[in-house]
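Engineer: In my numbering, the protein residues as written are 95 to 258.
Glycine included, C-beta positions come from ideal geometry on N, C-alpha and C.
Predicted, not measured: the structure shown is a model, and the values here were computed from it.
Before I ask anything, let me first share the structure, which is written out below as structure tokens.
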Amino acid sequence: MESGGRPSLGQFILLGTSSVVTAFLYSVYRQKAQVAQELKGAKRIHLGEDLKSILSEAPGKCVPYAVIEGAVRSVKETLNSQFVENCKGVIQRLTLQEHKMVWNRTTHLWNDCSKVIHQRTNTVPFDLVPHEDGAGVAVRVLKPLDALDLGLETVYERFHPSTP
């Protein structure tokens, strides 16, 4: 502070800038918290006739957030694994990773380090159908890669150690 305890122009600018940044980050936080609350209250809908009635009663015939469980059925053909025989699916992710040990000069320890060199994801259209046969209801999944947490199961893993 200069001249009798009054803040300078630079301090006012810093205060204003930090206030704007804080307000922006708080608004983003509030928006994400609202989405999280809506997801917590998502309806659990069983595939069947109740799905049709829920959609017909919903405004715009759309449910914003819902949990729908069912068996996966491919619309056309399925994807075959090139590494595991008789392994078929509708989403396939191939990842090539480099694993190495890096010396940290500060801590004088070796640290594990991994880097994704290449990643490719293949999908085919699929439907979610009831676990029991007979109900003529299916939900077509158009964009499975847009899911927030796409938990895929690892079916094949191979490690090639480097040779010195």
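Taking the Cβ atom as the reference point for each residue, do Val307 and Val184 lie within a distance shorter than 8 Å?
Structural biologist: In the structure as shown, the chain starts at 95 and stops at 258, and residue 307 therefore has no counterpart that could be examined.
Engineer: My assumption, with CB atoms under 8 Å, is that Lys137 sits in contact with Val161. Please give the rounded CB distance.
Structural biologist: Start at 1 with the first residue of the sequence shown, and residue 137 comes out as number 43. Start at 1 with the first residue of the sequence shown, and residue 161 comes out as number 67. 7 Å between Cβ atoms; contact.
Engineer: Around the Cβ of Gln186, are there at least 16 other Cβ atoms within 10 angstroms (buried) or fewer (exposed)?
Structural biologist: The sequence position of residue 186 within the sequence shown is 92, counting from 1. When all chains shown are included, Gln186 counts as buried.
Engineer: Here's the rule I'm using: 16 or more other beta-carbon atoms within 10 Å means buried, otherwise exposed. How should Phe220 be labelled?
Structural biologist: As a working mapping, residue 220 is identified with position 126 in the sequence shown. Buried, because 16 or more other Cβ atoms sit within 10 Å of the Cβ of Phe220.
Engineer: Which of helix, strand or coil does DSSP assign to Arg187?
Structural biologist: Position 93 of the sequence shown, counted from the first residue, corresponds to residue 187. Here Arg187 sits in strand by DSSP.
Engineer: What residue range does the beta strand (DSSP E) around Val233 cover?
Structural biologist: Translated into positions along the sequence shown, residue 233 becomes position 139. Taken as a continuous stretch (DSSP letters only), the beta strand (DSSP E) holding Val233 covers 233-235.
Engineer: Can you pull the DSSP bridge partners for Thr217?
Structural biologist: The residue you call residue 217 lines up with position 123 of the sequence shown. For Thr217, which the question treats as bridged, DSSP gives the partners Ile185.
Engineer: Assign Ser256 to one of three DSSP states: helix, strand, or coil.
Structural biologist: Here the question's residue 256 lines up with position 162 in the sequence shown. DSSP places Ser256 in coil when its eight states are reduced to three.
Engineer: Here's a check: name, in chain order, each residue in its chain whose Cβ is nearer than 6 Å to the Cβ of Leu141, leaving out the five neighbours to either side.
Structural biologist: Position 47 of the sequence shown, counting from 1, holds the residue named residue 141. The answer, listed in chain order, is Gly164, Pro224, Val231.
Engineer: How big is the Cα-Cα spacing for Leu103 and Val114?
Structural biologist: Here the question's residue 103 lines up with position 9 in the sequence shown. Here the question's residue 114 lines up with position 20 in the sequence shown. For Leu103 and Val114, the distance between alpha carbons rounds to 17 Å.
Engineer: What do you get for Leu190, buried or exposed, if any count of 16 or more other CB atoms within 10 angstroms of its CB means buried?
Structural biologist: Taking the sequence shown and counting its residues from 1, one reaches residue 190 at position 96. Leu190 should be labelled exposed.
Engineer: From Ser147 to Asn216, what does the alpha carbon distance come to, in whole angstroms?
Structural biologist: Along the sequence shown, read from residue 1 onward, the residue named residue 147 stands at position 53. Along the sequence shown, read from residue 1 onward, the residue named residue 216 stands at position 122. Answer to the nearest angstrom: the Cα atoms are 34 Å apart.
Engineer: Counting only runs of 3+ residues fully inside the segment 130-173, write out the beta strand (DSSP E) ranges in chain order.
Structural biologist: Here the runs fully enclosed are 137-140, 160-163, 165-168.
Engineer: Can you check DSSP and say which residues form a bridge with Asn205?
Structural biologist: To locate residue 205, count along the sequence shown from 1; it is residue 111. Asn205 is bridged to Val196.
Engineer: Give the secondary structure of Val249 by DSSP, where H, G and I count as helix, E and B as strand, and everything else as coil.
Structural biologist: In the sequence shown, counting from the first residue as 1, residue 249 sits at position 155. Reduced to three states, the DSSP call for Val249 is coil.
Engineer: Report all residues from its chain with a CB closer than 6 Å to the CB of Thr172; omit the five preceding and five following residues, and keep chain order.
Structural biologist: For the purposes of this step, residue 172 is taken as the residue at position 78 of the sequence shown. Counting only Cβ-Cβ distances below 6 Å, and skipping sequence neighbours, we find Lys182.
Engineer: Given a threshold of 16 other Cβ atoms within 10 Å of its Cβ, counted over all protein chains shown, does Leu203 qualify as buried or as exposed?
Structural biologist: Translated into the one-based positions of the sequence shown, residue 203 becomes position 109. Answer is exposed; the Cβ neighbour count stays below 16.
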